[in-house]
Each structure stands twice: as C-alpha cells, then as structure tokens.
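Enquirer: Under the working numbering, think of the first position of the sequence shown as 16, with each following residue one higher. A virtual CB, placed ideally from N, CA and C, is assigned to each residue, including glycine. Take this structure first; my questions come after.
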Amino acid sequence: LVHTAQQPVAVAYAQPTVGAPAVAQAWPGPSARPGPQIVASGRRKALLVGCNYAGTSAALQGCINDVHRMRQFLQSQGFPDTETRALTDDQRRNPSRMPTKANILAGLDWLVAGAQRGDSLFFHFSGHGAQQEDETGDEADGYDETIVPCDYKRAGQITDDVLWQRLVAPVPDGARLTSVMDCCHSGTGLDLPFNYVTSTGWTLEDAPAYSAGDVQLFSGCADDQTSADTVQNMRAGGAMTNAFLQALAHNPMPLYPDFIAALHRELRAKGFSQKPQLSSSQKFDLHDRVFSLTDGFVPNSNAFIGRVHNPVPAGRRRRRKKKTRFGPGGLEGFLAAGLGGALLASFITS
16 LVHTAQQPVA VAYAQPTVGA PAVAQAWPGP SARPGPQIVA SGRRKALLVG
66 CNYAGTSAAL QGCINDVHRM RQFLQSQGFP DTETRALTDD QRRNPSRMPT
116 KANILAGLDW LVAGAQRGDS LFFHFSGHGA QQEDETGDEA DGYDETIVPC
166 DYKRAGQITD DVLWQRLVAP VPDGARLTSV MDCCHSGTGL DLPFNYVTST
216 GWTLEDAPAY SAGDVQLFSG CADDQTSADT VQNMRAGGAM TNAFLQALAH
266 NPMPLYPDFI AALHRELRAK GFSQKPQLSS SQKFDLHDRV FSLTDGFVPN
316 SNAFIGRVHN PVPAGRRRRR KKKTRFGPGG LEGFLAAGLG GALLASFITS
C-alpha cells in the first residue's frame with residue numbers, strides 16, 4: 016500500500032485526541048475492480064461558506080461575493096436553491112447561517128447526510144486558511160492545514176483531519192463531491208491521498224487517508240503558499256474562485272488537463288504566483304475524463320478504506336519554506352500579515 020521500511024496499517028479514523036495512541040484496525044474496502052458505469056441520480060446538494068471577518072485586522076473583502084457568484088454558477092448546473100446552504104458572516108440576524116465553527120461542522124454533516132450512489136455534492140470555502148501543529152504525526156511538514164471560521168478566537172480552527180472525517184469519509188462509493196477551497200495553505204486541505212503534479216502525475220501522501228467516494232479538491236494554492244483577493248467587474252473576490260468560474264465560462268466541458276492549465280493561466284494573467292492544486296480520493300486518467308460536477312463519476316478503486324497510520328519521523332519531515340509562528344499578534348496578526356502581501360499583489364495586477 017505504501018512502500019516504506021515499516022509496514023503500514025490501515026486504521027479507522029476518528030477525530031484525533033492529543034496523546035492518545037492510534038488503534039490499528041484494518042479492513043478491506045469495496046472491490047478495487049471498476050464496476051458498471053455510474054448513473055447520475057439527479058440529487059444535488061451544496062454547502063457554500065464565505066468569511067470576510069469584518070471588524071478584525073484580518074478582514075477580507077470578497078469572500079461573501081464569492082459565495083454569491085458560486086451559488087449562481089451552481090444554479091446553472093442544476094443544483095436546487097433549496098438544497099444549497101450558504102453560510103456568510105453578514106447574516107448576524109440569522110445566527111444559524113453565520114459561518115461559525117459549529118455551523119460549518121453542522122453544514123458538513125448536512126451535506127453528506129443520506130448521500131447515495133450517483134449523487135452530486137459541492138463544498139466551497141472562501142476565507143482565511145492557516146496551519147497549526149500536527150498532533151498525530153501524519154503531516155510531512157509537521158503542520159495540519161486549517162480553515163478559519165468567523166468565531167475562531169473562541170472556537171478555534173477546523174483542521175484537514177476533521178474535514179476528512181466529517182466531509183470526505185462519509186461519501187459513499189459512486190457519489191461525487193467536488194470542493195473548491197479559496198484560502199491560504201489549502202493545497203491538501205481535505206487530506207485526500209492523491210495529489211496531481213503536472214510533470215509527474217499522481218503522487219501519494221505520506222500517511223494517506225483512503226475513502227470510497229469520488230472526491231476532488233481544487234485548492235487555491237500549495238500548502239506553503241498564500242491565496243489572494245482580486246477584483247473582477249469592480250467587485251472583490253478570491254483569485255481561485257474567479258479563476259475557477261472564468262475557466263468554466265470559457266470552456267464548460269474541458270478535459271482535466273485543459274481545465275488545470277486554464278486555472279493556472281487565469282491566475283498568471285493577473286500576476287499571481289499562487290499555484291492551484293488538484294487532489295483526489297481516487298486515481299484516474301486525466302486525459303480521458305471531462306470535468307463535470309454532475310456526470311462521469313469514478314467508482315472506488317481503493318483496496319482499503321481508512322487512514323494509514325504511518326507517522327512521519329521528525330528527521331524525515333520536509334523543511335518548510337515558511338514557518339507558521341503567530342507571534343505576539345496571535346492568529347489574527349498572522350492572518351493580517353499574509354493578507355497584506357496578497358492584497359498588494361491584487362492591487363498591482365487589477
């Protein structure tokens with residue numbers, strides 16, 4: 016499964032408890048043989064999250080706009096408005112629709128509840144992303160990627176481990192989940208096992224977490240990069256959200272290599288150095304698949320389902336290009352520092 020000196024073990028994944036030992040529990044997943052073609056059920060659900068963090072030193076401008084634009088796009092793709100839940104931090108009069116940590120987690124549970132073969136699910140997050148020290152030893156750089164809810168000062172962040180547990184793992188074989196994460200440090204933001212590198216193809220995570228569904232993440236940048244705001248038609252928005260929508264406006268049914276190239280081209284055209292990433296729960300031939308939110312699903316080909324507990328020894332962890340040290344300003348100061356560089360790039364190129 017993973018070629019290392021130590022024998023890997025597939026383990027059932029639960030929210031990590033600091034200091035608790037991992038429990039080895041291996042079991043076979045669904046058949047790795049491709050089954051019959053998956054017929055789309057027509058059931059479609061979406062969760063959209065936008066955090067502007069108004070009133071803080073790390074305030075953003077375009078994340079709520081991103082949610083509105085993505086919602087319009089999903090309506091054009093047949094996602095019913097009644098099955099689309101939007102959490103934005105301008106809804107203070109409706110606390111259940113604020114992107115708090117509790118509401119985001121509840122939204123993730125709602126999104127995957129009752130999912131069946133042939134269903135199409137969509138998750139979009141636009142806001143701040145950050146990193147915090149990995150307590151389980153499964154990150155090669157020693158840090159978990161996180162998304163930052165609007166009440167992060169009180170409730171904390173949401174790690175990629177938790178996103179995998181709540182969002183990815185419940186998706187059944189034959190169901191499709193597409194995610195767009197427009198935030199800093201989002202490269203492996205869902206802890207999917209396979210990452211696509213244009214020059215070499217699919218690469219495997221150090222401690223892969225396998226699941227049965229057809230899950231893909233399009234992230235705004237690599238784990239060690241920041242993701243910028245931009246301006247489109249005089250409206251602020253996230254650079255990745257804008258690139259995603261512009262690329263599909265120019266070519267609504269691209270092959271995956273063409274779509275990835277278009278994302279890079281859209282970002283380069285605005286002068287951004289961030290590099291969008293594709294990660295997946297399943298390996299597939301990009302040159303033989305058209306990108307679609309609602310059709311052409313891939314069946315499960317993973318022989319095991321669960322997280323491979325193969326901790327990365329401290330001596331083998333990759334050196335980070337930038338260290339995540341919050342300093343005296345705490346997380347808000349860290350986010351504001353990253354925001355300054357991203358906004359500068361946006362103003363220069365807009």
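Just how far apart, CA to CA, sit Phe8 and Val127?
Expert: Because the chain here runs from 16 to 365, residue 8 falls outside it and cannot be looked at.
Enquirer: Excluding sequence positions up to five away, which residues of its chain have a Cβ less than 7 angstroms from the Cβ of Met113?
Expert: Leu102, Asp104, Gln106, Arg107 and Cys165
Enquirer: Go to Lys116, then tell me how far its alpha helix (DSSP H) extends in each direction, as first and last residue.
Expert: Lys116 to Val127
Enquirer: Taking the alpha-carbon positions, what's the Ser307 to Thr213 distance?
Expert: Ser307 and Thr213 have their C-alpha atoms roughly 20 angstroms apart.
Enquirer: Report back the beta-carbon spacing between Thr256 and Asp81 to the nearest angstrom; my notes put them in contact at under 8 angstroms.
Expert: Between Thr256 and Asp81 a beta carbon distance of about 4 angstroms is seen, short of the 8 angstroms cut, so the two are scored as contacting.
Enquirer: Under 6 angstroms Cβ to Cβ from Leu182, same chain only, skipping five residues before and after it: list those, please.
Expert: Leu123
Enquirer: To the nearest angstrom, how far is the alpha carbon of His83 from that of Met268?
Expert: The straight-line gap from Cα to Cα measures roughly 22 angstroms.
Enquirer: For Trp179, count neighbouring Cβ atoms within 10 angstroms of its own Cβ and tell me buried if that reaches 16, exposed if not.
Expert: By the neighbour-count rule (16 or more Cβ atoms within 10 Å), Trp179 is buried.
Enquirer: I believe Gln231 touches Leu293 by the beta-carbon criterion, under 8 angstroms. Please report the beta-carbon distance rounded to the nearest angstrom.
Expert: 7 angstroms
Enquirer: Among Gly253, Phe299, Lys116 and Ala276, which residue has its Cα nearest to the Cα of Gln76?
Expert: Gly253
Enquirer: Per DSSP, what kind of secondary structure is Ala41 in: helix, strand or coil?
Expert: With a pLDDT of only 38 at Ala41, under 50, the local geometry of the prediction cannot be trusted, and no value is derived from it.
Enquirer: CA-CA distance, Asp96 and Gly57?
Expert: Near 14 angstroms, if we compare the C-alpha coordinates of Gly57 and Asp96.
Enquirer: Going along the chain, which residues of its own chain have a beta-carbon closer than 6 angstroms to the beta-carbon of Ser91, five neighbours each way excluded?
Expert: Around Ser91: no qualifying Cβ.
Enquirer: Below 6 angstroms CB to CB, which residues in the same chain sit around Asp206 once its five sequence neighbours on both sides are set aside?
Expert: Asp175, Trp179 and Ala224
Enquirer: Which of the three DSSP states is assigned to Val313 in this structure?
Expert: coil
Enquirer: According to DSSP, is Tyr225 part of a helix, a strand, or is it coil?
Expert: strand
Enquirer: Quick check on the DSSP output: the beta strand (DSSP E) that includes Leu293 runs from which residue to which?
Expert: Gln292 to Ser295
Enquirer: What are the boundary residues of the alpha helix (DSSP H) that includes Asp303?
Expert: Where Asp303 is concerned, there is no enclosing alpha helix (DSSP H), given that its DSSP letter is neither H nor E.
Enquirer: Just reading off the beta strand (DSSP E) that Phe140 is part of, what are its end residues?
Expert: Ser135 to Ser141
Enquirer: Among Glu220, Arg322, Lys298 and Glu160, which has the Cα closest to the Cα of Pro314?
Expert: Among Glu220, Arg322, Lys298 and Glu160, the Cα nearest to that of Pro314 is on Lys298.
Enquirer: Since Ala190 contacts Arg280 with CB under 8 angstroms, what's their CB separation in whole angstroms?
Expert: 31 angstroms between Cβ atoms; not a contact.
Enquirer: DSSP three-state call for Phe287: helix, strand or coil?
Expert: coil
Enquirer: From Gln52 to Ala130, what does the alpha carbon distance come to, in whole angstroms?
Expert: 18 angstroms
Enquirer: Which first and last residues belong to the alpha helix (DSSP H) in which Phe209 is found?
Expert: From DSSP, Phe209 is part of no alpha helix (DSSP H) but of the beta strand (DSSP E) over Phe209 to Val212.
Enquirer: Taking only the alpha-carbon atoms, compute the straight-line gap between Thr193 and Phe233 and give it to the nearest angstrom.
Expert: So the two alpha carbons sit approximately 8 angstroms from each other.
Enquirer: List the residues that DSSP assigns as beta-bridge partners of Val163.
Expert: Per DSSP, none; premise fails for Val163.
Enquirer: Can you tell me whether Lys168 is buried or exposed, with buried defined as 16 or more other CB within 10 angstroms of its CB?
Expert: exposed
Enquirer: Is Leu282 helix, strand or coil by DSSP?
Expert: helix
Enquirer: Between the Cα of Phe209 and those of Ser296, Pro185 and Phe259, spot the shortest distance and give me the residue it belongs to.
Expert: Ser296
Enquirer: Could you check where the beta strand (DSSP E) with Asp197 kicks off and where it finishes?
Expert: Arg191 to Asp197 is the extent of the beta strand (DSSP E) around Asp197.
Enquirer: Which residue from Gly228, Gln261 and Asp197 puts its Cα closest to that of Ser135?
Expert: Gly228
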